[in-house]
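Note sheet for the following structure.
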Amino acid sequence: ERPYGCADCGKRFGQKHHLQSHRRLHTGEKPFACGHCGHRFRQKHHLVSHQRIHTGERPFACARCPKAFRDKKTLTVHQRVHTGEKPYRCADCGKSCSQKQHLKSH
């Protein structure tokens, strides 16, 4: 069930804080600022990941090779290199891609 709806676009959310975070797309609000460079973010986890650029921290390590990453999502995408997984499929021609962005540019 998704009882919380965005008044601007109609997208619905199961939790109120997800709606509040989404609303920042419409308002342009970026309440989370980096203490190192001042860059601002809409979501706190984006700030946390960004701060790792300054610290060099890469806590998400690949179990199959020496690479490590600043955030879990980048590790997940990287792991497809090893598994061969291509979850994004073109509805027109059937071509499969490992990343959503690759499918969009296709």
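So for the sequence shown, our numbering puts the first residue at -8; every next one is plus one.
By construction, the Cβ of each residue, glycine as well, lies at the ideal position given by its N, Cα and C atoms.
For clarity, every value in this text was computed on a predicted model and none was experimentally measured.
Own chain, CB closer than 7 angstroms to residue i, minus 5 neighbours either side, in chain order
{"i": "C25", "result": "L38, H41 and Q42"}
{"i": "R14", "result": "C(-3)"}
{"i": "C88", "result": "K77, Y79, L94 and H97"}
Helix, strand or coil at residue i according to DSSP, with G and I counted as helix
{"i": "S89", "result": "coil"}
{"i": "R43", "result": "helix"}
{"i": "R(-7)", "result": "coil"}
{"i": "R99", "result": "In the structure as shown, the chain begins at -8 and stops at 97. Residue 99 is therefore absent and cannot be evaluated."}
{"i": "R71", "result": "helix"}
Own chain residues within Cβ distance below 8 angstroms of residue i, not counting five before or after
{"i": "Q6", "result": "Y(-5)"}
Nearest-angstrom beta carbon gap, residue j and residue i [assumed within contact, 8 angstroms]
{"i": "F60", "j": "H73", "result": "F60 to H73, Cβ: 14 angstroms. No contact."}
{"i": "H30", "j": "H45", "result": "About 10 angstroms separates the two Cβ atoms, so there is no contact after all."}
Endpoints, alpha helix (DSSP H) assigned at residue i
{"i": "R15", "result": "K7 to T18"}
{"i": "R49", "result": "No alpha helix (DSSP H) contains R49, which DSSP labels as neither H nor E."}
Sequence-distant residues of its chain with Cβ nearer than 6 angstroms to residue i (five each side left out)
{"i": "R49", "result": "A59, F60 and R61"}
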